[in-house]
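Heads up, the thing below is written out as structure tokens.
There are 2 protein chains.
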Amino acid sequence: MSRLRLRLSISLDGFVAGSNQSAQHPLGEGGEDLHQWVFPLAAWRKPHGLEGGKTDESTPVLEEELTNSGATIMGRNMFGGHPGPWDRTKPWMGWWGARPPFHHPVFVVTTHPRPPLEMEGGTVFTFVTDGIEQAYDLARRAAKGKDVALAGGANISQQYLNAGLVDEMQLHIVPILLGSGARLFDGVKHLHDLRLVKTVAAPNVTHLKFSRE
Amino acid sequence: MSRLRLRLSISLDGFVAGSNQSAQHPLGEGGEDLHQWVFPLAAWRKPHGLEGGKTDESTPVLEEELTNSGATIMGRNMFGGHPGPWDRTKPWMGWWGARPPFHHPVFVVTTHPRPPLEMEGGTVFTFVTDGIEQAYDLARRAAKGKDVALAGGANISQQYLNAGLVDEMQLHIVPILLGSGARLFDGVKHLHDLRLVKTVAAPNVTHLKFSRE
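Going down the list, the sequences are from chains W and H. For what it's worth, the working numbering labels the leading residue of the first sequence as 3, then goes sequentially. For what it's worth, the working numbering labels the leading residue of the second sequence as 3, then goes sequentially.
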């Protein structure tokens, strides 16, 4: 059965993005430091069209994330919500470039309707304005029996967690402090039977996998 | 050389105590759930005068904490700051019972001067009113070359972290949400060269050890 799998990098003090998100700092100030563990990995570079890279204890964790994902859900900010100045003769394509790394259908939960956006490499962004449950329905159908990845950010993750819809939560705990920004668990009261099932120690990150059966 | 070693159990959402701390709930509402991993351990029961208990992956982590500690520092709330009604014909002895589990000198950072309190089993509480640096000086001298344990709570830990005085930080990350309470890292901007050096996966807890050399 298709499962909804949340995965996020999170600082030791609980932030999944820094403050003052902008086109220059889409992850907020300091937010890129949350992802330093993943950038050097060959398993990350490949879907981004890059060669080379290393293998370490994080590799199987990342490969497990990428395996069996048939669709992705994200919030509007993660698509690229507030880009600042851009060439308005062209439609805004988000922050992911012409060839996004998803290579499957992506559902963006937003309040702004717009037609689907077909990118190179198999990624199609579909903009969903009827909320998280509709997005999940559409994503599950598009995934055709595979799992649905929930990519964040904080706000959309909170909505899915509070609705009890998350079947798996993979947290990449990065041993840094951001001090301010978007907290993953703000307003989240409980984990709806998500239990810690696996811990992986890796360079500059600790992976905690939660699941419910 | 004597090192200052902070050790705390912390929820997935960053709290080291629940809200509404009281004599009935010294760790705040839900706060006791932060310590469920430690109560069954033989290595915890022994210094508390209890027999039996189990051994698991947390045992060496706890033993390492207890080893080489010659003195402990804590904040006033952790000693037992606001106990509510009690028999005022006797001095308030804190929350730790007649025979506290420390078995060495304990320095309580407080604004209320009072004479030292000698308990059974080798624990002597000394009340320090001149702030964290004086407490550290006194504790280091009392430890006679051994390390000094910093037992919390949140406020005193923040003061030592912000002063850059912490040499080692052992976080026991418990996979639960408390939703509110005292956050360990509130107002803490950076880790002053504390780096993740060891991760231990254990039942119901993940131990992250930070150290600076």
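Glycine is no exception: its CB is placed at the ideal position from the N, C-alpha and C atoms. In this text, all values refer to a predicted model and were calculated from it rather than measured experimentally.
- DSSP, read as helix, strand or coil, puts GLY124 of chain W in helix.
- Residue contact with chain H for PRO177 of chain W: present (Cβ-Cβ distance below 8 Å to some residue of chain H).
- Looking only at H:LEU64, H:GLN23 and H:GLU53, the smallest Cα-Cα distance to THR208 of chain H is reached by H:LEU64.
- Contact of LEU152 of chain H with chain W is not assigned, every C-beta pair being separated by 8 Å or more.
- Here ASP149 of chain H is bridged, per DSSP, to H:SER71.
- Any Cβ of chain W closer than 8 Å to the Cβ of THR201 of chain H would place that residue at the interface, and such an atom is present.
- Each of H:VAL130, H:THR74 and H:PRO28 was checked against the Cα of PRO103 of chain H, and the nearest Cα belongs to H:THR74.
- When secondary structure is reduced to three states using DSSP, PHE81 of chain W falls in the helix class.
- At a cut-off of 8 Å between beta carbons, LEU14 of chain H contacts chain W.
- Membership of ARG47 of chain H in the alpha helix (DSSP H) is indicated by the continuous run 44-47.
- LYS191 of chain W and ILE178 of chain H have their C-alpha atoms roughly 10 Å apart.
- In the DSSP assignment, GLN160 of chain W falls within the unbroken alpha helix (DSSP H) covering 156-164.
- Within the same chain, Cβ atoms closer than 6 Å to the Cβ of VAL199 of chain H are found at LYS211 and SER213, the five residues on either side in sequence being excluded.
- The continuous beta strand (DSSP E) containing GLN172 of chain H extends over residues 170-176.
- Comparing alpha-carbon positions, the option among H:PRO118, H:LEU14, H:ASN157 and H:GLN136 lying closest to GLY181 of chain H turns out to be H:LEU14.
- Looking at the backbone, the Cα of SER4 of chain H and that of GLY133 of chain W are separated by about 56 Å.
- Scanning its chain for C-beta atoms nearer than 7 Å, with the 5 sequence neighbours on each side dropped, one finds around LEU186 of chain W the residues LEU10, ILE12, GLY16, VAL18, ALA156 and SER159, in chain order.
- Within the DSSP secondary-structure output, MET76 of chain W pairs in a beta bridge with W:VAL110.
- DSSP lists W:LEU173 and W:THR201 as the bridge partner or partners of LEU210 of chain W.
- Under the criterion of beta carbons closer than 8 Å, ARG101 of chain W and GLU122 of chain W qualify as touching, at roughly 4 Å.
- In the three-state reduction of the DSSP assignment, LEU196 of chain H falls in the coil class.
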